[in-house]
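Visitor: Numbering (this note's numbering), first residue to last: 176 to 244. Glycine is no exception: its CB is placed at the ideal position from the N, C-alpha and C atoms.
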Amino acid sequence: MIQDLYSQKRSLELKWQLEYEQSGKYTLNMVEIDNAIKNIITEIKLEERKIADRENAIINSAPQVSVAT
Numbered sequence: 176m177i178q179d180l181y182s183q184k185r186s187l188e189l190k191w192q193l194e195y196e197q198s199g200k201y202t203l204n205m206v207e208i209d210n211a212i213k214n215i216i217t218e219i220k221l222e223e224r225k226i227a228d229r230e231n232a233i234i235n236s237a238p239q240v241s242v243a244t
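Written out as structure tokens, the structure is:
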């Protein structure tokens, strides 16, 4: 899932670059591409946060051993 988001982001970045090279200026289409990139970055951050939360839950749920003396 997260790799797909990174692929989408890279694809949009290349699309933005191509648009700029063709027009030579910042266009309305590039604004839409920028907004799409920002949305994907937000999704990436959310997915990475979910992964980190799962990893932390696993680490914190490890059984704790108490040695009674």
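(1) In terms of alpha-carbon separation, which member of Asn235, Ser236, Trp191 lies closest to Ile212?
(2) Compute every distance between the C-beta of Tyr181 and the non-hydrogen atoms of the ligand ATP, then say whether any falls below 7 angstroms.
(3) Within this structure, are the beta carbons of Glu230 and Leu180 separated by less than 8 angstroms?
(4) Between the Cα of Gln178 and those of Ala232, Asn235, Ile233, Ile215, spot the shortest distance and give me the residue it belongs to.
(5) Determine the burial state of Leu187: buried for a count of at least 16 other Cβ atoms within 10 Å of its Cβ, exposed for fewer.
Guide: The answer reads as follows:
(1) Ile212 has its Cα closest to that of Trp191, out of Asn235, Ser236, Trp191.
(2) The model on display carries no ligand, and the ligand ATP is accordingly not part of it.
(3) no
(4) Ile215
(5) buried
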